[in-house]
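A.B. asks:
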Amino acid sequence: MDLARSTASSIEGSVDRLLNRRIALGVTGFSGSGKTTFITSLIHQLQHYPEALLAAFPPVLQDRLLGVQLSTLNGLPLFPYQEGIESLSRGRWPEATRHESGGLLEIKFRNQPGLLRRGKSSVSRLFLEIRDYPGEWLLDLPLLDMNYLAWCRQFNSLINSDLRLSIGRKLMEKLKAVDPMEPMSDLALQALWQELLVFLQDCQRSGLTMIQPGRWLHAVPSGAESQLPFLPLLLRTNLSEDQLKNAPENALFKVCERHYQRYKDKWVKPFYRNTFQKVDRQLVLIDVLKSLNGGQEAFDDLRLSLAQVLQSFDYGRNSLLRRLIQPRIDRVVFAASKIDQVLPDQHEAVRGLTANLVQDARRRAAFNAVDIRCEAVAAVRSTTYVDYQGRQALQGMTESGPGMLLHPAIPEQIPNSEDWQGLGQWQLRRLIPPEGLQLAAGGRLPHIRLDSILNDLLGDRFS
Numbered sequence: 001m002d003l004a005r006s007t008a009s010s011i012e013g014s015v016d017r018l019l020n021r022r023i024a025l026g027v028t029g030f031s032g033s034g035k036t037t038f039i040t041s042l043i044h045q046l047q048h049y050p051e052a053l054l055a056a057f058p059p060v061l062q063d064r065l066l067g068v069q070l071s072t073l074n075g076l077p078l079f080p081y082q083e084g085i086e087s088l089s090r091g092r093w094p095e096a097t098r099h100e101s102g103g104l105l106e107i108k109f110r111n112q113p114g115l116l117r118r119g120k121s122s123v124s125r126l127f128l129e130i131r132d133y134p135g136e137w138l139l140d141l142p143l144l145d146m147n148y149l150a151w152c153r154q155f156n157s158l159i160n161s162d163l164r165l166s167i168g169r170k171l172m173e174k175l176k177a178v179d180p181m182e183p184m185s186d187l188a189l190q191a192l193w194q195e196l197l198v199f200l201q202d203c204q205r206s207g208l209t210m211i212q213p214g215r216w217l218h219a220v221p222s223g224a225e226s227q228l229p230f231l232p233l234l235l236r237t238n239l240s241e242d243q244l245k246n247a248p249e250n251a252l253f254k255v256c257e258r259h260y261q262r263y264k265d266k267w268v269k270p271f272y273r274n275t276f277q278k279v280d281r282q283l284v285l286i287d288v289l290k291s292l293n294g295g296q297e298a299f300d301d302l303r304l305s306l307a308q309v310l311q312s313f314d315y316g317r318n319s320l321l322r323r324l325i326q327p328r329i330d331r332v333v334f335a336a337s338k339i340d341q342v343l344p345d346q347h348e349a350v351r352g353l354t355a356n357l358v359q360d361a362r363r364r365a366a367f368n369a370v371d372i373r374c375e376a377v378a379a380v381r382s383t384t385y386v387d388y389q390g391r392q393a394l395q396g397m398t399e400s401g402p403g404m405l406l407h408p409a410i411p412e413q414i415p416n417s418e419d420w421q422g423l424g425q426w427q428l429r430r431l432i433p434p435e436g437l438q439l440a441a442g443g444r445l446p447h448i449r450l451d452s453i454l455n456d457l458l459g460d461r462f463s
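The sequence shown runs contiguously to residue 463 in the UniProt record's numbering.
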């Protein structure tokens with residue numbers, strides 16, 4: 001029965017997509033970019049559109065939206081919207097995503113009067129698929145085009161950075177002492193693998209983004225991932241590819257190579273196939289301000305991560321046949337998140353910097369006739385504008401109470417050495433949601449330009 005229901009749902013979804021009645025929206029972002037909060041806010045704004053401020057979204061502005069309902073999507077656990085609303089109402093951010101979930105929004109609206117309808121508006125429906133997943137999993141997509149040896153070489157290149165060396169110097173010394181051509185006991189491999197997990201988690205806490213395998217950031221010693229441990233090798237050796245290829249099957253290199261491939265087959269390939277090959281509209285959330293605040297090494301690490309991950313997406317114009325058989329992304333919005341942390345006169349600079357961060361992906365997408373937008377958004381606005389010592393400043397609720405937020409000028413281009421000096425003393429303060437939200441009763445959830453994002457992603461389907 002479940003198989004029949006799933007098959008029927010898949011066929012129905014294909015027909016809806018063919019008739020432009022269904023959009024599979026991919027909301028993409030690394031851990032901490034605000035993806036779960038964004039999805040929660042998007043659902044709330046649409047479901048409670050009469051109270052929401054959505055002036056840039058034509059169906060609301062033209063009073064054509066009739067209702068929005070949320071239901072499950074293709075057997076996935078339902079996106080935890082209610083839990084997110086309860087958290088925001090209590091002054092807490094929604095819990096970070098640890099598992100896949102999804103939701104199907106049925107948007108009912110009146111069509112614009114047309115000549116064929118003789119001035120009488122008819123009612124239509126648009127089905128919006130949304131999937132959520134841990135942002136760390138996104139980091140594994142580049143592994144699909146990378147064999148084990150290439151991953152080892154990349155790790156060796158990254159480990160030479162000052163921040164990574166300061167975090168993992170002891171682990172690196174142990175890895176240098178390992179001979180890839182010799183066997184290693186399961187116990188010793190597990191012990192080194194667990195040290196590697198701690199190193200990767202420490203890298204994330206230090207503001208680094210380029211951390212692979214990303215799924216390991218939530219791995220535990222007794223979890224499923226522990227059955228396939230592998231290590232970044234070759235830190236001390238200059239072995240040729242032929243030597244490694246002809247290594248004994250019980251050599252550590254061969255064991256790690258097999259485990260690496262099985263990791264991709266078991267987790268990365270299904271994630272890509274089930275989540276991204278079905279997407280035809282994409283929002284990429286980027287916490288640009290956090291990376292700037294983290295310093296040049298953290299910022300450069302974000303650039304590298306974005307460059308690798310964005311190469312994994314299939315950007316190209318949908319043909320009639322491909323829409324039914326294998327949809328591809330035909331519209332992309334790159335958005336800097338948490339824009340409420342800077343003053344309005346800096347929003348354009350943040351948008352410009354975001355555009356520069358994803359320049360290569362934008363060029364590749366534009367070449368394939370993909371519609372590209374760059375934006376800056378706050379899914380939940382947590383600050384207000386005040387005068388402070390004769391200048392405009394931000395005021396918001398932080399974890400330690402109400403506070404003033406000042407910031408330097410945000411560069412529009414990739415920062416140079418002078419820009420980094422100006423950014424050096426800046427300390428972002430962690431904000432919490434505004435007080436007094438009555439979201440369970442459908443109350444207004446303040447945001448910045450989420451309505452513009454909605455129009456960029458969906459507006460053409462309501463015209």
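The beta carbon of each residue, even a glycine, is placed where N, CA and C say it ideally should be. Fair warning: this is a prediction, and the values are worked out from it, not measured in the lab.
In its own chain, which residues sit with a C-beta less than 6 Å from the C-beta of L244, not counting the 5 before and 5 after it?
C.D. replies: Around L244: F253.
A.B. asks: Taking the C-alpha atoms as reference points, what is the distance between A224 and L53?
C.D. replies: Computed Cα separation, rounded: 45 Å.
A.B. asks: Return the first residue and the last residue of the alpha helix (DSSP H) that A188 is part of.
C.D. replies: Run containing A188: 186-205, per the alpha helix (DSSP H) assignment.
A.B. asks: Verify whether the separation of the beta carbon atoms of V284 and A335 is less than 8 Å.
C.D. replies: Result yes, Cβ atoms of V284 and A335 sit closer than 8 Å.
A.B. asks: State the start and end residues of the unbroken alpha helix (DSSP H) segment that holds I43.
C.D. replies: Counting along the chain, the alpha helix (DSSP H) containing I43 begins and ends at 35-47.
A.B. asks: In this structure, does DSSP put G390 in helix, strand or coil?
C.D. replies: The answer is coil: DSSP assigns G390 none of H, G, I, E or B.
A.B. asks: Please return the same chain residues whose Cβ sits closer than 6 Å to the Cβ of A349, not counting the five positions on each side in sequence.
C.D. replies: Within the same chain, A349 has close Cβ partners I410, E412.
A.B. asks: Could you give the DSSP three-state label for F30: helix, strand or coil?
C.D. replies: Reduced to three states, the DSSP call for F30 is coil.
A.B. asks: Does the segment 227-237 touch the segment 150-160, meaning 3 or more C-beta pairs lie closer than 8 Å?
C.D. replies: Touching, yes.
A.B. asks: Would you report the Cα separation of Q346 and E399, rounded to the nearest angstrom?
C.D. replies: If you take the alpha carbons of Q346 and E399, they lie about 24 Å apart.
A.B. asks: When we look at the beta-carbon of T384 and count the other beta-carbons within 10 Å, is it buried (16 or more) or exposed?
C.D. replies: That one is exposed.
A.B. asks: Grab the span of the alpha helix (DSSP H) containing I107 for me, first residue to last.
C.D. replies: Where I107 is concerned, there is no enclosing alpha helix (DSSP H), although the beta strand (DSSP E) it sits in stretches over 101-110.
A.B. asks: Could you give the DSSP three-state label for V333: helix, strand or coil?
C.D. replies: Here V333 sits in strand by DSSP.
A.B. asks: What does a CB cutoff of less than 7 Å around P408 pick up in its chain, not counting 5 residues either side in sequence?
C.D. replies: Around P408: G422, L423, W426.
A.B. asks: With 16 as the cutoff for other CB atoms within 10 Å, does S305 come out buried or exposed?
C.D. replies: With 16 or more Cβ atoms within 10 Å of its Cβ, S305 is classed as buried.
A.B. asks: Report all residues from its chain with a CB closer than 7 Å to the CB of K338; omit the five preceding and five following residues, and keep chain order.
C.D. replies: G34, D287, L289, A378, listed in sequence order.
A.B. asks: Nearest by alpha-carbon distance to I414: which of R429, R303, L439 is it?
C.D. replies: Comparing Cα-Cα distances from I414 to each of R429, R303, L439, the minimum goes to R303.
A.B. asks: In chain order, what residues of the same chain lie with their CB nearer than 7 Å to the CB of I39, ignoring the 5 residues before and after it?
C.D. replies: Hits under 7 Å: V27, F79, I130, D132.
A.B. asks: Is the number of C-beta pairs between the segment 88-103 and the segment 141-149 that are closer than 8 Å three or more?
C.D. replies: Flag = no, the segment 88-103 and the segment 141-149 do not touch.
A.B. asks: Could you give the distance in angstroms between the alpha-carbon of L439 and the alpha-carbon of K269?
C.D. replies: Answer to the nearest angstrom: the Cα atoms are 38 Å apart.
A.B. asks: To the nearest angstrom, how far is it from the Cα of G459 to the Cα of A376?
C.D. replies: Going by the C-alpha atoms only, they are around 18 Å apart.
A.B. asks: If you compare alpha carbons, which of Q112, G91, L88 is closest to R461?
C.D. replies: Taking only the C-alpha atoms, the option nearest R461 is Q112.
A.B. asks: The beta strand (DSSP E) with M172 in it runs from where to where?
C.D. replies: Careful: M172 lies outside any beta strand (DSSP E), inside the alpha helix (DSSP H) at 162-176.
A.B. asks: Quick check on DSSP: helix, strand or coil for I11?
C.D. replies: Confidence in I11 is poor, its pLDDT being 47 and thus under 50, which makes the residue's placement unreliable; the coordinate value appears in the next sentence. Reduced to three states, the DSSP call for I11 is helix.
A.B. asks: Does DSSP put Y272 in a helix, a strand or coil?
C.D. replies: DSSP places Y272 in helix when its eight states are reduced to three.
A.B. asks: Mind checking whether D371 and D330 have CB atoms under 8 Å apart?
C.D. replies: Contact flag set, yes.
A.B. asks: DSSP on R215, reduced to helix/strand/coil?
C.D. replies: R215: helix per DSSP, three-state reduction.
A.B. asks: Given a threshold of 16 other Cβ atoms within 10 Å of its Cβ, counted over all protein chains shown, does E83 qualify as buried or as exposed?
C.D. replies: Per the 10 Å Cβ criterion, exposed.
A.B. asks: What does the alpha-carbon distance come out to for the pair L450 and P221?
C.D. replies: Cα-Cα distance, rounded: 40 Å.
A.B. asks: I need the straight-line Cα distance from A393 to D340, nearest angstrom please.
C.D. replies: Their Cα atoms are separated by approximately 11 Å.
A.B. asks: Please confirm whether W137 and F313 have their CB atoms less than 8 Å apart.
C.D. replies: No; because the gap between Cβ atoms is not below 8 Å, this pair is not in contact.
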